[in-house]
Structure formats: C-alpha cells, structure tokens
Amino acid sequence: MFVAGNWKSNKSFSEAKEFANVMQGMSPFPEQVEVMVAPPAPYLAAMGQEGLPFRLGAQNVSATGPGAQTGEFTAEMLAGCGVVDVIVGHSERRDGHGDVDAVVAEKVNRVLEAGLRVVFCCGESLQDRQSDVHFDKVLRQMESAILHLPVEVMDRVVVAYEPIWAIGTGLTATADQAQEMHAAIRGWLREAYDAETAAGIPILYGGSCKPGNADELFACADVDGGLIGGAALEPDSFRAIIDAAGRVASAKVGVDAGA
Ligand code: PEP
Numbered sequence: 000m001f002v003a004g005n006w007k008s009n010k011s012f013s014e015a016k017e018f019a020n021v022m023q024g025m026s027p028f029p030e031q032v033e034v035m036v037a038p039p040a041p042y043l044a045a046m047g048q049e050g051l052p053f054r055l056g057a058q059n060v061s062a063t064g065p066g067a068q069t070g071e072f073t074a075e076m077l078a079g080c081g082v083v084d085v086i087v088g089h090s091e092r093r094d095g096h097g098d099v100d101a102v103v104a105e106k107v108n109r110v111l112e113a114g115l116r117v118v119f120c121c122g123e124s125l126q127d128r129q130s131d132v133h134f135d136k137v138l139r140q141m142e143s144a145i146l147h148l149p150v151e152v153m154d155r156v157v158v159a160y161e162p163i164w165a166i167g168t169g170l171t172a173t174a175d176q177a178q179e180m181h182a183a184i185r186g187w188l189r190e191a192y193d194a195e196t197a198a199g200i201p202i203l204y205g206g207s208c209k210p211g212n213a214d215e216l217f218a219c220a221d222v223d224g225g226l227i228g229g230a231a232l233e234p235d236s237f238r239a240i241i242d243a244a245g246r247v248a249s250a251k252v253g254v255d256a257g258a
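Anchor point for the sequence shown: position 132 equals 131 in numbering that gives the first Met the number 0, and the numbering is continuous, going up by one each time.
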C-alpha cells in the first residue's frame, strides 16, 4: 500500500517543518505502507536534509533539461534535494498550467531518466463521466504518457486515478466506481506489458479520500493506496489514512494467503 500526500500550495515553511516533526514523533507507520509527502517546491531542499519519516515527493518537474529555462527545475535538481517521487499530470496542472498530454509525457520521461519514481495522475471530468467516455479518457491519458516506456522502468511508475470531479470537492467516487476504473487501468497495463508488471504497479485512488472512507476505498481489489490532498494537511487525518492502509494491507495479505 502506498499513501501519498499532496500539499499543493499550502503551508508556510515553519508549518511544513512542524508537520514533519509531529509525524516523526508518532509511532512507526504500519510496515506494509509506504508514505510520501509532496510539499511546495521551495521547501524541498531543506526538508530533504532532515531525517524525514516519509518519502519526499515533488508536485511538479520541468519538462526540460538544464540551461536557459528561467523558473524551471529539472528532475536531477529534485533528486539532488532528496526527492524520490514526483507527481506528474495532476489535473490542476493539466487544466491550469499548460500540462497537455505531450508535456506530461515528457515530464514522465525526465523523472524516470533521473532515476526517480513517477506518480502519474489520470482522471476524467464530470462531463466525461456523464457522457460515458470516462474509460476512454483515462486510458488515452495512459497511452499518451506511459505506453512508450520500456518495461524495465515500470517498477518506478505509480498510477494515481483521480476523477477531477472528486478532487477537493468532498465528492468521492464510490468503491465500485473506483474499482472498475482501477481494474480497467490494470487491464490496460496487462495488455501493454505483462501480467506480472501490471500486478506490481501501485494504482492509487485520489479524490476526497479521508479517514472516514479510506478503508472502503483501499479494500477494493485494485486500489493500492491513495493520493491525498486536503486530508494530508493535518498529521492526525493523514496518519488515520495511513493506518487505514495498514489495516487493509494486512487483510489483503490474509485473503491472498488463503486463496
Ligand atoms: C489531489 O489533489 O490529488 C486530491 C486528491 O485532493 P483531495 O484529497 O483534497 O480531493
């Protein structure tokens, strides 16, 4: 299970350090749960110097290499700051910051070339869902950013399914809606690569995931954790989601062992 927090443009630097300290003071996270937090980019270098209790993530990366690119930061720069995971293709960047499919694909390449892990976001709008084109939309996003990747790098790819209508809205996909899309993504990965590769790629759910609904969402067969926005801003709610992932991971191991 993988639980990733995306702070977006929230928290002062001192609040960010305080969050890390509070998490550090908590009892150890459940063993079966990997945890990542993606703070705002200006905090990464300093936070990467600390002994953090979670993987350090970035919310964005440049699609370019080094050079005359004012304001951009490369994947190698992120790696040098201690970042290990990079979120690419978040809907807030696709919709508001020019991250069209080709840019997203290039960012995925840059992250992987720098030896980092990519958390690739995909998801449909409410209109897509109401027009019944949500599967096509998501699988086309997968095709555009993932299909060209060689199988050798796929152990550094995480997919986050985030229905846009559920992000920050308080509306959550039902467990059935999440599971059917995750199963479609897993099926696509099986076709594009092979069964073993597809089974090994974490597929996270994102969209108003909270302590109160995390157990049910994570319990879905093809949901391997969550990408968490609002509920990742407070240590207690983030920890509650991490603990939910721990409980579900133990239950899923039990099911697998019994099968
Ligand atoms: C997100 O931004 O990736 C997200 C899932 O946000 P929220 O949990 O607040 O819906």
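Just so it is clear, CB atoms sit at the ideal spot from N, CA and C, and this is done for glycine as well.
| said: For Ala258, count the other beta carbons within 10 Å of its own beta carbon; 16 or more makes it buried, fewer makes it exposed. Which is it? | reply: Residue placement at Ala258 cannot be trusted, given a pLDDT of 48 that sits under 50; the coordinates are not used to answer.
Tell me whether Asp84 is buried or exposed, calling it buried when 16 or more other Cβ atoms sit within 10 Å of its Cβ. buried
Practice task
On a CA-only basis, which of Gly199, Phe119 and Asp131 is nearest Val150? Give me that one, please.
Solution key: Gly199
Taking a contact to mean a Cβ-Cβ separation below 7 Å, would you say Gly47 touches Gly81 in this structure? yes
Self-check item: Identity of the residue in Val132, Ala45, Pro234 and Gly206 nearest Gly224 by Cα
Solution: Gly206
(Q) According to DSSP, simplified to helix, strand and coil, what is Ile86? (A) Correct three-state label for Ile86: strand.
8 Å Cβ shell around Glu14 - same chain, five flanking residues per side excluded
Apart from sequence neighbours up to five positions away, no residue of its chain approaches Glu14 with a beta-carbon distance below 8 Å.
- Beta-carbon separation of Leu203 and Val152 under 7 Å? no
* Pairwise C-alpha distance: Asn5 and His96 -> 17 Å
| Among Ala44, Asp193 and Ala197, which residue has its Cα nearest to the Cα of Val156? | Ala197
Let's test the definition: count the other Cβ atoms within 10 Å of the Cβ of Thr171 and tell me whether it reaches 16, buried, or not, exposed. buried
Cβ neighbour criterion (16 or more within 10 Å) applied to Gln68:
exposed
If distances are taken between C-alpha atoms only, which option among His147, Ala182, Ser11 and Pro162 comes closest to Lys136? Pro162
Any 3 or more C-beta pairs closer than 8 Å across the segment 22–39 and the segment 49–59:
These segments touch.
With DSSP as the reference, identify every bridge partner of Asn5, one or two as the case may be.
Ala37
Whose C-alpha, out of Ala3, Phe28 and Phe18, is nearest the C-alpha of Gly245?
It is Phe28 whose Cα lies nearest to the Cα of Gly245.
For Tyr192, three-class secondary structure by DSSP: coil
*asked:* Does Ala57 come out as helix, strand or coil in the three-state DSSP assignment?
replied: strand
query: For Gly167, which residues of its own chain have a beta-carbon under 8 Å away from its beta-carbon, when the five flanking residues on both sides are left out?
result: Same-chain partners within the cutoff: Ser207, Gly228 and Gly229.
- From which residue to which residue does the alpha helix (DSSP H) around Gly24 run? Gly24: not part of any alpha helix (DSSP H); DSSP gives it neither H nor E.
Quiz item: When every heavy atom of the ligand PEP is checked, does at least one fall within less than 6 Å of the C-beta of Ile200?
Solution: no
* Compute every distance between the C-beta of Asn59 and the non-hydrogen atoms of the ligand PEP, then say whether any falls below 6 Å. => no
Given this structure, state the Cα-to-Cα distance separating Ala3 from Val34, to the nearest angstrom. One Cα belongs to Ala3, the other to Val34, and the distance between them is close to 6 Å.
> Is the Cβ-Cβ distance between Ile240 and Ala213 less than 7 Å?
Replying inline: yes
- Message: Please report the distance separating the alpha-carbon of Glu71 from that of Pro39.
- Response: 14 Å
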